[in-house]
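Enquirer: Could you have a look at this structure, given as structure tokens, before my questions?
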Amino acid sequence: MRFRVKNVYSVGQVNSYIKNMFTQDFMLQNIYVKGEASNVKYHSSGHIYFTLKDVKGAIACVMFAGNRKGLSFQMKEGQEIIVGGTIDVYERDGKYQLYAYKIQLDGEGILYERYAQLKKELEEMGMFAKEYKQEIPLFIQRLGVVTAKTGAAIQDIIQISTRRNPHVQIILYPAKVQGEGACESIMNGIRALEHIGVDVIIVGRGGGSMEDLWAFNEEGVARAIFDCTIPIISAVGHETDTTIADFVADLRAPTPSAAAELAVFRYFDCASQIAEYADRMRNLLIRHMGEKRSALERFQLKLAHVSPENQLREKKMYAGDMEEKITRMMVQKLENKRHQLAIYGERLRGLSPLLKLSQGFSYVASQDGKTIYDVDQVQIGQPLFIDVKNGRIKAKVLEKIQQKEIKGERNGGK
């Protein structure tokens with residue numbers, strides 16, 4: 474059977490119309506819904522998908538990655554939460570869901586507002602500033618702990634501290650860390666350990682809800698930590714828990730176990746490292762001494778070479794060598810001169826007039842002692858002296874005969 478209709482709409486048009494109705498409803502644009510979290514899924518994209526339900530119904534929810542910075546806890550199944558956001562329609566599927574931009578655990582809203590307000594005030598006062606943070610000593614002997622005397626926190630601190638350094642002294646102030654009077658107890662513990670004079674103080678406790686950890690968000694505890702002259706490490710709750718004490722403390726540890734590791738050095742590692750340094754220093758010292766000893770020996774040799782005594786010895790040896798050399802040269806020179814003199818003597822003896830006279834030659838001179846070497850020097854009748862080998866002959870010139878006449882007579886005689 475066919476029926477008549479005036480208007481027919483597509484699915485998309487209907488979904489768009491419904492979305493427009495949701496958009497125009499101001500209450501749905503900024504709404505807070507309370508319920509139990511279920512089907513919680515952290516997507517790889519960073520989005521969180523979950524369902525918010527109670528005994529009467531359920532609503533699909535999503536928190537996009539861009540809004541997660543406001544989420545201060547890890548969402549888990551069964552948590553009672555309050556979700557603030559916008560209810561809108563996803564047109565493609567025709568389903569509505571809650572787009573969350575804020576999520577908080579139920580019952581902690583008022584506490585969180587107090588926490589945020591106090592944190593802002595203390596930060597503006599400069600109590601979180603880095604310039605007021607004290608350095609944690611590298612080596613400590615006395616560790617102060619402000620926490621409950623029972624519970625996992627103190628046991629973890631004792632176990633890890635003694636394992637890292639069995640010689641460290643742990644002084645516990647058994648403070649009340651939860652409920653009425655916890656703030657005053659923690660403050661008194663900090664002041665008592667400061668008065669005793671420990672090296673580092675750990676202030677903390679194990680994990681819990683915001684109400685359980687609230688004593689560490691009190692202004693009195695924050696001021697006691699800030700005013701303490703001893704470095705303080707805060708170790709409150711688990712890694713995701715952050716209290717005002719963490720911001721004021723000189724160093725924040727994510728857990729009490731981590732605080733013990735930060736406060737207490739590894740004794741055996743340190744002892745081993747010191748032994749290694751001692752060996753290195755010893756080897757360096759031996760090598761350095763060897764180098765200096767070699768240098769000293771070189772300097773001794775150099776000093777011995779340039780010392781006045783050595784210089785005098787060297788000069789004496791040099792003078793002795795020179796004296797011996799001069800003596801040899803003088804002897805050689807005398808020998809050479811003596812030999813030369815002998816040669817000159819022989820030459821002189823060969824030129825000696827006496828030798829010539831002994832060989833039959835004679836020496837003729839005038840009365841006044843002039844040597845007669847030319848016939849033209851004498852006159853007929855002139856007296857002459859003739860020196861021969863064994864005396865002198867006095868003679869007179871009878872005749873002068875020229876050389877050429879003598880040659881003629883010799884030739885004619887032949």
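For the sequence shown, my numbering puts the final residue at 887, and the numbers step up evenly by one.
Idealized CB from N, CA, C, for every residue including glycine.
Values in this document were obtained by computation on a predicted structure and should not be read as measured data.
1. Label K592 either buried or exposed according to how many other C-beta atoms from any shown protein chain fall within 10 Å of its C-beta, with 16 as the threshold for buried.
2. Note down the Cα distance separating T635 from V641, rounded to an integer number of angstroms.
3. Do the CB positions of M683 and L584 come within less than 8 Å of each other?
4. Identify, in the order they occur along the chain, each residue of the same chain with its Cβ nearer than 6 Å to the Cβ of S730, setting aside the five sequence neighbours on each side.
5. Would you mind working out which of K492, A602, S517, A533 sits nearest S511, comparing C-alpha positions?
6. DSSP on M500, reduced to helix/strand/coil?
7. Rounded to whole angstroms, what is the Cα-Cα separation between A531 and R678?
8. For Q813, does the count of other Cβ atoms within 10 angstroms reach 16, so buried, or fall short, so exposed?
9. Below 8 Å, can you find three or more Cβ-Cβ pairs linking the stretch 537–545 to the stretch 505–522?
10. Tell me whether D733 is buried or exposed, calling it buried when 16 or more other Cβ atoms sit within 10 Å of its Cβ.
11. First and last residue of the beta strand (DSSP E) that includes A868?
12. So, is E787 buried or exposed, given that buried needs 16 or more other C-beta atoms within 10 angstroms?
13. If you run the structure through DSSP and keep just helix, strand and coil, what is T620?
14. Would K575 and G551 be called neighbours here (beta carbons separated by less than 8 Å)?
15. Quick check on A726: buried or exposed, where buried means 16 or more other Cβ atoms within 10 Å of its Cβ?
16. For Q547, collect the residues of the same chain with a Cβ closer than 7 Å to its Cβ; drop the 5 residues on either side in sequence, then sort them by chain order.
17. Could you have a look at A648 and say whether DSSP puts it in helix, strand or coil?
18. Can you find the residues in the same chain that come closer than 7 Å, C-beta to C-beta, to I845, ignoring five residues on each side of it along the sequence?
19. Take S835 and list the residues in its own chain whose beta-carbon comes closer than 7 Å to its own, dropping the five residues that flank it on each side.
20. Based on Cα-Cα distance, which residue from M802, Y791, A688, Y817 lies nearest to G654?
21. Roughly how many whole angstroms lie between the Cα atoms of Q502 and V562?
22. Where does Y482 sit, in a helix, a strand or coil, going by DSSP?
23. Assign M660 to buried or exposed, taking buried as 16 or more other Cβ atoms, counted over all protein chains shown, within 10 Å of its Cβ.
24. Which same chain residues, not among the five before or five after D579, have their C-beta less than 7 Å away from its C-beta?
25. According to DSSP, is C701 helix, strand or coil?
26. Starting from K575, follow its DSSP beta bridges and name the residues at the other end.
27. What span of residues does the beta strand (DSSP E) with I675 cover, start to end?
28. Please give the ranges of any alpha helix (DSSP H) in the stretch 770–841, keeping only runs that are unbroken, at least 4 residues long and fully inside the region.
29. V676 and V619 - do their beta-carbons sit closer together than 8 Å?
30. Quick one: complete beta strand (DSSP E) runs, 3+ long, within the stretch 693–749?
31. Taking 6 Å as the limit between beta carbons, can you name the residues of its chain near Q651, skipping five residues before and five after?
32. Within 10 Å of its beta-carbon, does G670 have 16 or more other beta-carbons around it, so buried, or fewer, so exposed?
33. Classify Q607 as helix, strand or coil using the three-state DSSP reduction.
34. Might you give, ordered along the chain, the residues of its own chain that have their beta carbon closer than 7 Å to the beta carbon of V694, omitting 5 neighbours on each side?
35. Check whether the Cβ atoms of R615 and I644 sit closer than 8 Å, and answer yes or no.
36. What are the partner residues of Y515, as DSSP defines its beta bridges?
Expert: On the basis of the data shown:
1. buried
2. Rounded to whole angstroms, the separation of the alpha carbons of V641 and T635 is 7 Å.
3. Yes, these two residues count as a Cβ contact at 8 Å.
4. Closer than 6 Å at Cβ, skipping near neighbours: D629, I633.
5. Ranked by Cα distance from S511, the first of K492, A602, S517, A533 is A533.
6. helix
7. Rounded to whole angstroms, A531 to R678 spans 37 Å at the Cα level.
8. exposed
9. yes
10. In the sequence on display, residue 733 carries Ala and not Asp. By the neighbour-count rule (16 or more Cβ atoms within 10 Å), A733 is buried.
11. Its beta strand (DSSP E) spans residues 864–869.
12. exposed
13. Per DSSP, reduced to three states, the secondary structure at T620 is strand.
14. no
15. By the 10 Å Cβ count, A726 comes out buried.
16. Scanning its chain for C-beta atoms nearer than 7 Å, with the 5 sequence neighbours on each side dropped, one finds around Q547 the residues T713, in chain order.
17. coil
18. Closer than 7 Å at the Cβ level, and outside the excluded window around I845, lie V837, A838, S839, V851, L857.
19. I859, D860, V861
20. A688
21. Whole-angstrom Cα-Cα distance: 12 Å.
22. coil
23. That one is buried.
24. So the list reads K507, E553, I554, I555, once near-sequence residues are dropped.
25. coil
26. G557
27. 673–678
28. 781–823, 826–831
29. yes
30. 705–709
31. D685
32. exposed
33. coil
34. C656, I659, M660, A688, A718
35. yes
36. I521
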